[in-house]
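So the structure is just underneath, and the comments pick up after that.
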Amino acid sequence: MDGGHGRARQKGGGYQAVQRRLAPEGARSIIGGREGGKVRRRWFPLLTAVLGGLLWVALGAILNTRPPTTGNQVLFVAVLGMALAATVMPVSYLWQTRRHGLLYMTPPWRNAVRQGALVGVLGAALVALRLVGALGIGSGVLLVLLAALCELLAWLRRRY
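Heads up, our numbering is the position in the sequence shown plus 10, with the first residue counted as 1.
Structure, rendered in structure tokens:
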């Protein structure tokens, strides 16, 4: 008695095994490419993590080798924003693939890029405001709330 599950109850059963048996040889599975349940786009978290590390090294070099002129401060803020974004992207990607799986409607790399860009822009804006002396508690909280609102609106758009 298989309980109405057909081939899923056979030895080595489960949805992934049934999916592999029913698919023609060499066909791409909806679960994760040719490998079955493995994570696709492994290059994305690796590439962004390496890029983030390189940007943090470049930021350290900018801090230690350049005088604090206006142009160098702009360069510092830009590299800091990119380093923050590149650091958040792989963490966000891996968290989303673990949480939603590969059958989620929006690809996890898109959400990771959006969230990384949001964190990078927020961090760069906070540091830039601090450098010009315009960062206060009210303006900092307002910027963080605006970033959270942007993420909430993106989540609501995906959900409904």
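By construction, the Cβ of each residue, glycine as well, lies at the ideal position given by its N, Cα and C atoms.
Open item on the list: Would tryptophan 66 and alanine 93 be called neighbours here (beta carbons separated by less than 8 Å)?
Closed with: yes
- [ ] Could you give the DSSP three-state label for leucine 159: helix, strand or coil?
- [x] helix
Open item on the list: So, with DSSP's three-state summary, where would you put threonine 188?
Closed with: Look at the range of the chain in this structure, 11 to 170, and you will see that residue 188 is not part of it.
Open item on the list: So, does the segment 78-98 touch the segment 131-139, judging by three or more C-beta pairs under 8 Å?
Closed with: yes
TODO: In the DSSP assignment, find the alpha helix (DSSP H) that holds proline 100 and state where it starts and stops.
DONE: 80-110
Task: Coarse secondary structure for leucine 145, derived from DSSP in three states - done: coil
Open item on the list: Quick test of your reading: valine 98 and valine 131, contact by CB under 8 Å. State the CB separation rounded to the nearest angstrom.
Closed with: That pair is no contact at about 11 Å.
Open item on the list: Can you determine whether any heavy atom of the ligand HEM sits closer than 7 Å to the C-beta of proline 55, and answer yes or no?
Closed with: With respect to small molecules bound, the structure shown includes none, and the ligand HEM cannot be examined in it.
Task: C-alpha gap between threonine 80 and valine 142, whole angstroms - done: 10 Å
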